[in-house]
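I have placed the structure first, in the form of structure tokens, so that the comments after it can refer back to it.
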Amino acid sequence: MKFSTPQLWSAFMPDQRRNIMIYVAGIMCYKFGIEYFNGAFLALANERFGEARYEKLGLLTGLNYAAQGIGSIAIAPLVKRMPIRIVLMGAIIAFGVVSAMIMIVDATTGGKIKFKTANDEVQYGSWNPNLMFPIFTFSGLSYGMVELIRRVIPRDIVGGDPARLKKMDGLVHVLYEVAGTIGALTSERLIDKFGYNYSSFLSPPLFFLAGAIWWFLDVEYDGKRASPTSSVELIKVDPERSTLLQNWQKAFHGFVKAFYYGAWLCFTHRKFIWLIPSYTFALYGHRYLENGVVQIYAKSVLGNSGLAQVIVGGSNLGELLGAASVMLFTQAVPTPIPWLRMDAMTLNLIWIIPFFTTQGSANSRAWKLAPCMIPISYGWAGGDVSLAAYIQSTLSKLEQEDDEVSALGAVMAFLYVTYIVLYSVLSTQLGRWIDKQLRDLQGDALVAKAQFALKMIGGVHFTVLSLIIFTATFIPRGAVALNPKNIEQKVPGDPEKDDQERPVEDTSGPVTQLQLAPPTTYSREEFIAEPIQVYDHHPEHHSNPAYPSHARQSENWVTNHHVRRMHPADR
1 MKFSTPQLWS AFMPDQRRNI MIYVAGIMCY KFGIEYFNGA FLALANERFG
51 EARYEKLGLL TGLNYAAQGI GSIAIAPLVK RMPIRIVLMG AIIAFGVVSA
101 MIMIVDATTG GKIKFKTAND EVQYGSWNPN LMFPIFTFSG LSYGMVELIR
151 RVIPRDIVGG DPARLKKMDG LVHVLYEVAG TIGALTSERL IDKFGYNYSS
201 FLSPPLFFLA GAIWWFLDVE YDGKRASPTS SVELIKVDPE RSTLLQNWQK
251 AFHGFVKAFY YGAWLCFTHR KFIWLIPSYT FALYGHRYLE NGVVQIYAKS
301 VLGNSGLAQV IVGGSNLGEL LGAASVMLFT QAVPTPIPWL RMDAMTLNLI
351 WIIPFFTTQG SANSRAWKLA PCMIPISYGW AGGDVSLAAY IQSTLSKLEQ
401 EDDEVSALGA VMAFLYVTYI VLYSVLSTQL GRWIDKQLRD LQGDALVAKA
451 QFALKMIGGV HFTVLSLIIF TATFIPRGAV ALNPKNIEQK VPGDPEKDDQ
501 ERPVEDTSGP VTQLQLAPPT TYSREEFIAE PIQVYDHHPE HHSNPAYPSH
551 ARQSENWVTN HHVRRMHPAD R
């Protein structure tokens with residue numbers, strides 16, 4: 001079994017290492033701020049929403065995710081017009097301002113920090129809890145802007161080399177989850193000390209600090225580099241000829257166009273259709289676990305919304321270990337299929353939650369349940385990291401047939417919109433059903449009914465997701481093996497058309513001619529590693545059955561044109 005750890009850091013150039021260190025320092029500050037803000041905000045919503053608590057909580061998170069998508073579209077033209085570190089700083093500072101709004105509103109309406117109250121209990125201001133909807137929605141806009149840049153900037157730092165991208169993605173994901181795990185676990189202590197309304201006080205300064213650190217990124221800006229800047233590029237922008245408003249219009253038009261193009265690619269190609277359940281359903285399940293199931297358990301069973309962060313901390317630790325495993329076993333597990341199957345199987349461990357013991361204090365039960373989340377999120381993170389690398393490396397090689405939409409951007413747009421719609425609809429409807437089950441219940445009756453509800457939305461619900469995801473892993477060609485070395489490789493005689501992999505005949509003229517399809521772009525490593533079959537073009541071999549027919553057909557063409565296979569970088 002081969003490991004890639006010794007070559008991890010040495011795979012990067014000195015200037016790339018410097019930028020990676022700066023980027024990682026900023027991303028860890030950013031992740032701490034995210035955990036403190038989101039953890040406190042969701043716990044606050046769980047406490048403040050009265051009637052229709054879980055329906056509103058599902059709607060709240062759904063709006064936040066939808067706003068993330070809008071924010072990522074809105075920021076795209078700026079990424080193409082300005083240096084990326086400037087855009088990143090502006091987005092993170094905006095996030096810091098939005099994250100402080102709930103504390104400002106609470107303070108101006110009579111709210112107090114918990115440890116300053118007479119009885120050490122939370123004292124809220126007189127503001128309407130529904131005000132959390134616009135605040136969390138605006139935070140989603142800022143979050144989406146930062147997240148798009150976070151996915152764009154690795155290509156600016158290490159270029160388009162798939163091997164370096166995968167190593168950087170794995171390294172960043174590991175350290176990102178280190179911060180996430182520590183942030184989630186310490187968030188519970190902040191909530192206990194400062195209350196739900198002020199426990200996120202560290203988020204604004206952490207966001208500002210991340211922006212200051214990212215200022216030192218040394219990523220060259222050049223208008224000609226707009227094309228390789230983003231792995232989720234949707235539109236082409238000409239900053240000199242278009243205004244910002246026109247670019248925004250193009251961005252939203254391009255996104256809609258990308259959605260339809262991505263849907264067409266996914267539903268008409270076997271090599272892409274399996275991405276819908278493998279990516280979208282898996283991501284939905286992970287998000288609903290943390291923002292739905294865990295929140296219900298913390299409030300209705302444990303009686304303390306803040307303890308959800310302890311359980312989420314276990315989930316983040318699982319993500320950390322999963323991302324680290326993908327980085328370690330890059331060569332031993334070359335495809336995302338084994339990780340996705342593990343993800344599908346570990347989802348069934350959620351059955352533990354409704355049957356977990358009710359003995360002991362709420363705090364001790366939360367800490368005992370947290371380790372149970374590790375294998376669940378371990379499988380998801382492994383599948384997510386490896387699948388993201390697979391999608392980027394596969395779709396980036398497709399010929400771009402449209403000047404406005406790339407295949408990679410189109411498929412990612414379709415998958416993300418599908419995820420948002422799926423989460424928004426199901427989380428809201430499931431929340432409405434849970435509210436109906438728990439209405440007007442207290443004490444042991446509330447706990448018993450909540451456990452029953454968790455069996456349905458945590459057990460049965462996730463078992464169905466598990467079966468769908470597991471079944472989808474057998475759809476790609478070559479994926480039946482336990483640990484396939486390659487999936488969706490070209491198979492001779494494959495009836496599915498692929499203009500990039502097979503020659504096409506031009507019958508428009510009087511004589512049928514064999515033409516070459518548009519060339520695929522290879523990295524130097526891929527180019528060197530790709531085997532080349534050489535045939536001896538001699539007439540006496542034509543009668544040999546082992547001599548391929550396509551070689552006979554193209555012999556004269558190859559001989560007359562003196563074709564020599566050469567990597568573009570060596571020309």
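Heads up: the sequence shown is residues 1 to 571, going by the UniProt record's numbering.
Here a beta-carbon is modelled for each residue, glycine too, at the ideal position from N, C-alpha and C.
Legend entry - Residues sharing a beta bridge with Lys485, DSSP: The sequence position of residue 485 within the sequence shown is 485, counting from 1. The partner list for Lys485 (beta bridge, DSSP) is empty, contrary to what the question assumes.
Inset, instruction - Kindly list the residues whose CB is nearer than 8 Å to the CB of Val219, restricted to its own chain and excluding five residues on each side of it in sequence; keep chain order. - result: The count along the sequence shown starts at 1 and reaches residue 219 at position 219. Around Val219, the same chain offers Asn19, Pro83, Ile84, Arg85, Ile153, Asp156, Ile157 as residues with beta carbons nearer than 8 Å, after the five sequence neighbours per side are excluded.
Inset, instruction - Have a look at the DSSP bridge pairing and note the partners of Gln123. - result: One-based indexing of the sequence shown puts residue 123 at position 123. In DSSP, Gln123 forms a bridge with Lys112.
Inset, instruction - With a threshold of 16 other CB atoms inside 10 Å of the CB of Gln331, please say whether the residue is buried or exposed. - result: Translated into positions along the sequence shown, residue 331 becomes position 331. Gln331 comes out exposed.
Legend entry - CB of Leu289 within 8 Å of CB of Ile350, strictly: Within the sequence shown, numbered from 1, the residue matching residue 289 stands at position 289. Within the sequence shown, numbered from 1, the residue matching residue 350 stands at position 350. Taking 8 Å as the Cβ cut-off, Leu289 and Ile350 qualify as a contacting pair.
Inset, instruction - Report the three-state DSSP secondary structure of Val480 (helix, strand or coil). - result: Taking the sequence shown and counting its residues from 1, one reaches residue 480 at position 480. If DSSP states are grouped into helix, strand and coil, Val480 belongs with coil.
Legend entry - Residue burial classification, Asp15 (beta-carbon count within 10 angstroms, cutoff 16): If you number the sequence shown from 1, residue 15 lands on position 15. It is exposed - the Cβ of Asp15 has fewer than 16 other Cβ atoms within 10 Å.
Legend entry - Chain-order list of residues whose beta-carbon lies under 8 Å from that of Leu321 (same chain, five-residue window excluded): Stepping through the sequence shown from its first residue, residue 321 is reached at position 321. Taken in chain order, the residues that qualify are Ile374, Tyr378, Ala381.
Inset, instruction - Classify Asp444 as buried or exposed, calling it buried when 16 or more other Cβ atoms lie within 10 Å of its own Cβ. - result: Counting from 1 along the sequence shown, the entry for residue 444 is found at position 444. Taking a 10 Å sphere around the C-beta of Asp444, we find fewer than 16 other C-beta atoms and assign the residue as exposed.
Inset, instruction - Taking only the alpha-carbon atoms, compute the straight-line gap between Lys193 and Leu446 and give it to the nearest angstrom. - result: What you label residue 193 is simply residue 193 of the sequence shown in a count that begins at 1. What you label residue 446 is simply residue 446 of the sequence shown in a count that begins at 1. C-alpha separation (whole angstroms): 27 Å.
Legend entry - Range covered by the alpha helix (DSSP H) that runs through Ile34: Residue numbering aside, residue 34 sits at position 34 when the sequence shown is read from its first letter. Here the alpha helix (DSSP H) through Ile34 covers 14–48.
Inset, instruction - Provide the residue span of the alpha helix (DSSP H) that contains Asp161, from first to last. - result: Start at 1 with the first residue of the sequence shown, and residue 161 comes out as number 161. First-last for Asp161: undefined, no H or E at that position.
Inset, instruction - Using three-state DSSP, classify Phe474 as helix, strand or coil. - result: As a position in the sequence shown, residue 474 is number 474, starting the count at 1. In this structure, Phe474 counts as coil in the three-state DSSP scheme.
Inset, instruction - Reducing DSSP to helix, strand and coil, say where Trp274 ends up. - result: Taking the sequence shown and counting its residues from 1, the one referred to as residue 274 is at position 274. DSSP places Trp274 in coil when its eight states are reduced to three.
Legend entry - Gln331 - containing alpha helix (DSSP H), residue span: Along the sequence shown, read from residue 1 onward, the residue named residue 331 stands at position 331. In the DSSP assignment, Gln331 falls outside any alpha helix (DSSP H) and carries neither an H nor an E.
Legend entry - Coarse secondary structure for Arg439, derived from DSSP in three states: Numbered from 1 along the sequence shown, position 439 holds the residue referred to as residue 439. If DSSP states are grouped into helix, strand and coil, Arg439 belongs with coil.
Legend entry - Sequence-distant residues of the same chain with beta carbon closer than 6 Å to Ser386, five excluded per side: Counting from 1 along the sequence shown, the entry for residue 386 is found at position 386. Answer for Ser386: Val326, Pro336, Trp339, listed in chain order.
Inset, instruction - Return the first residue and the last residue of the alpha helix (DSSP H) that Ala269 is part of. - result: Looking up residue 269 in the sequence shown gives position 269. According to the sequence provided, residue 269 is His. The question's Ala does not apply to it. From DSSP, His269 is part of no alpha helix (DSSP H); its letter is neither H nor E.
Legend entry - Check whether Gly285 and Leu347 have beta carbons under 8 Å apart: As a position in the sequence shown, residue 285 is number 285, starting the count at 1. As a position in the sequence shown, residue 347 is number 347, starting the count at 1. Yes. Within cutoff.
Inset, instruction - Taking Gly382 as part of the alpha helix (DSSP H), name the residues at either end of that continuous run. - result: Taking the sequence shown and counting its residues from 1, one reaches residue 382 at position 382. Its alpha helix (DSSP H) spans residues 373–395.
Inset, instruction - Taking only the alpha-carbon atoms, compute the straight-line gap between Trp274 and Val411 and give it to the nearest angstrom. - result: Counted from its first residue, the sequence shown places residue 274 at position 274. Counted from its first residue, the sequence shown places residue 411 at position 411. Computed Cα separation, rounded: 12 Å.
Inset, instruction - Identify, in the order they occur along the chain, each residue of the same chain with its Cβ nearer than 8 Å to the Cβ of Met345, setting aside the five sequence neighbours on each side. - result: One-based indexing of the sequence shown puts residue 345 at position 345. Cβ neighbours of Met345 beyond the five flanking positions: Gly379, Ser466, Phe470.
Inset, instruction - Check whether the Cβ atoms of Ala472 and Ser278 lie closer than 8 Å to each other. - result: Mapped onto the sequence shown, residue 472 falls at position 472. Mapped onto the sequence shown, residue 278 falls at position 278. Cβ distance < 8 Å, so Ala472 and Ser278 count as in contact.
Legend entry - Other residues of its chain near Ala40: CB distance less than 7 Å, five sequence neighbours each side excluded: Stepping through the sequence shown from its first residue, residue 40 is reached at position 40. Cβ within range, chain order: Ser187, Ile191, Tyr196, Ser199, Ser200.
Legend entry - Nearest neighbour of Trp367, chosen from Gln309, Glu319, Ala388, Asp384 [CA to CA]: As a position in the sequence shown, residue 367 is number 367, starting the count at 1. Answer by Cα proximity: Gln309.
Legend entry - Secondary structure of Leu206, DSSP reduced to three states: Working through the sequence shown from its first residue, we reach residue 206 at position 206. Residue state, collapsed to three classes: helix.
Legend entry - Leu408 (DSSP reduced to helix, strand or coil): On the sequence shown, position 408 is the one that residue 408 refers to. Helix at Leu408.
Inset, instruction - Report the rounded CA-to-CA distance for Ser364 versus Gln437, giving the unit in angstroms. - result: Numbered from 1 along the sequence shown, position 364 holds the residue referred to as residue 364. Numbered from 1 along the sequence shown, position 437 holds the residue referred to as residue 437. Distance between the alpha carbons of Ser364 and Gln437 is about 27 Å.
Legend entry - Cβ pair Ile93, Gly183 closer than 8 Å: Taking the sequence shown and counting its residues from 1, one reaches residue 93 at position 93. Taking the sequence shown and counting its residues from 1, one reaches residue 183 at position 183. Not in contact: Ile93 and Gly183 (Cβ atoms no closer than 8 Å).
Legend entry - Residue of Glu55, Leu185, Ala251, Glu319 minimising C-alpha distance to Arg81: Counting from 1 along the sequence shown, the entry for residue 81 is found at position 81. Ranking Glu55, Leu185, Ala251, Glu319 by Cα distance to Arg81 puts Ala251 first.
Legend entry - Spatial distance of Leu415 from Gly62 (CA atoms): Working through the sequence shown from its first residue, we reach residue 415 at position 415. Working through the sequence shown from its first residue, we reach residue 62 at position 62. Cα to Cα, Leu415 sits roughly 15 Å from Gly62.
Legend entry - Contact set for Leu185: own chain, Cβ-Cβ below 6 Å, skip 5 residues either direction: Here the question's residue 185 lines up with position 185 in the sequence shown. Counting only Cβ-Cβ distances below 6 Å, and skipping sequence neighbours, we find Gly313.
Legend entry - Run of the alpha helix (DSSP H) containing Thr61, from where it starts to where it stops: Taking the sequence shown and counting its residues from 1, one reaches residue 61 at position 61. Under the DSSP assignment, Thr61 falls in the alpha helix (DSSP H) whose first and last residues are 53–81.
Inset, instruction - Grab the span of the alpha helix (DSSP H) containing Ile92 for me, first residue to last. - result: Sequence index remark: in the sequence shown, residue 92 carries index 92 (1-based). First-last of the alpha helix (DSSP H) with Ile92: 84–99.
Legend entry - Neighbourhood of Leu175 by C-beta, 8 Å cutoff - its chain only, sequence neighbours within 5 removed: In the sequence shown, counting from the first residue as 1, residue 175 sits at position 175. So the list reads Val24, Ile27, Met28, once near-sequence residues are dropped.
Inset, instruction - Quick one: grab the DSSP three-state call for Trp351. - result: On the sequence shown, position 351 is the one that residue 351 refers to. Of the three classes helix, strand and coil, the one that applies to Trp351 here is helix, per DSSP.
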